[in-house]
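Have a look at the structure below before the remarks.
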Amino acid sequence: MEEAEIPLDPPDGITDPVDRAQFWDRHASPISFLILGSLVAAAVTGHFGGQPSPRVDADFGLARLSVLTPTVIRNGEFFETAIDIRADEPLTDATLAVEAGLWRDMTINTMIPAAAEEEYKNGEYRFSYGPLEAGETLSVKIDGQINPPLFAGNEGVIAVYDGERLLGRQVFRIKVLP
């Protein structure tokens, strides 16, 4: 004797597949691809850091300042800053000054060459390198790291002095991304 098939209803909560499913119902949403593509495009074009540092030049009359430092950097990264001071006239005491706010929540690991004298005065770290003849260039290399608490970035001034006499100041902004 042959058993008759009895149609069984599926258990509660389980239904037959939808016969008229749309194309995107079984695939990833195009919105996620657009968002991911936008993020990749922004990263490739340098909006998240990692691009070459721009050189900033300033002529102060008696001396010229040239600074190569990152303007966009990620939190925790190491960075390098190159500073050149070129004397157009003899300087008795070429002094590089960095406003404290520019280096807030940063660790400065190395500064080559070392300054003859270092001091903190009027909200600036000052590094005195002694006399500089006309046409002579002082090149300073600074290596540092962004500390974890720093978010959004810092702004400050790099200045050049001849002893106590201010020759000029240049404003810098470093944008820090998470």
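Numbering (this note's numbering), first residue to last: 270 to 447. Glycine included, C-beta positions come from ideal geometry on N, C-alpha and C.
Go to residue i, then tell me how far its beta strand (DSSP E) extends in each direction, as first and last residue.
i      : result
Ala327 : 324 to 328
Asn378 : 375 to 381
Asp353 : 347 to 356
Leu365 : 363 to 368
Ile342 : 341 to 343
When the distance is taken between beta carbons, is residue j closer than 9 Å to residue i?
i      : j      : result
Ala363 : Leu407 : yes
Ala327 : Ala366 : no
Gly330 : Glu368 : no
Arg343 : Pro447 : yes
Val336 : Gln439 : yes
Taking the alpha carbon of residue i as the point to measure from, which residue in the options has its own alpha carbon closest?
i      : options                : result
Ala384 : Thr376, Tyr394, Ile342 : Tyr394
Phe441 : Leu334, Glu274, Glu388 : Leu334
Glu402 : Asn391, Asp281, Asp431 : Asp431
Leu419 : Leu305, Phe302, Asp374 : Asp374
Gly345 : Thr376, Ile300, Thr338 : Thr376
Gly392 : Leu371, Leu308, Ile275 : Leu371
Among the residues of its own chain, which have a CB less than 6 Å from the CB of residue i, if the five just before and after it don't count?
i      : result
Phe347 : Gln414
Gly422 : Ile443, Lys444, Val445
Met380 : Ile411
Glu349 : Asp412
Pro303 : Position check: residue 303 holds Leu in this sequence, whereas Pro was assumed. Cβ within range, chain order: n/a, list empty.
Glu388 : Arg395
Considering just the uninterrupted stretch of the alpha helix (DSSP H) at residue i, what are its terminal residues?
i      : result
Leu331 : Premise fails: Leu331 is in no alpha helix (DSSP H) and is neither H nor E.
Ile304 : 299 to 313
Leaving out five residues before and five after residue i in sequence, what residues of the same chain have Cβ atoms less than 7 Å from its Cβ?
i      : result
Leu435 : Ala428
Ala332 : Ile354, Arg355, Ala356, Asp357, Leu360, Val429, Leu436
Pro323 : Thr340
Glu386 : Ser397
Glu405 : Ala356
By Cβ distance below 8 Å, which residues in the same chain neighbour residue i in space, the five residues on each side in sequence not counted?
i      : result
Tyr382 : Note that residue 382 corresponds to Pro in the displayed sequence, not to Tyr. Hits under 8 Å: Tyr398, Val409.
Pro400 : Pro359, Leu360, Thr361, Asp362, Ala363
Check whether the Cβ of residue i lies closer than 8 Å to any heavy atom of the ligand NAD, and answer yes or no.
i      : result
Tyr394 : Looking for the ligand NAD in the displayed structure turns up nothing, as the structure carries no ligands at all.
Flag residue i as yes if its beta-carbon sits less than 9 Å from any beta-carbon of chain D, otherwise no.
i      : result
Leu337 : No chain D appears in the structure shown, which is made up of a single protein chain.
**Prompt:** Which whole runs of the alpha helix (DSSP H) in the segment 385 to 444 are 4 residues long or more, in chain order?
**Reply:** none
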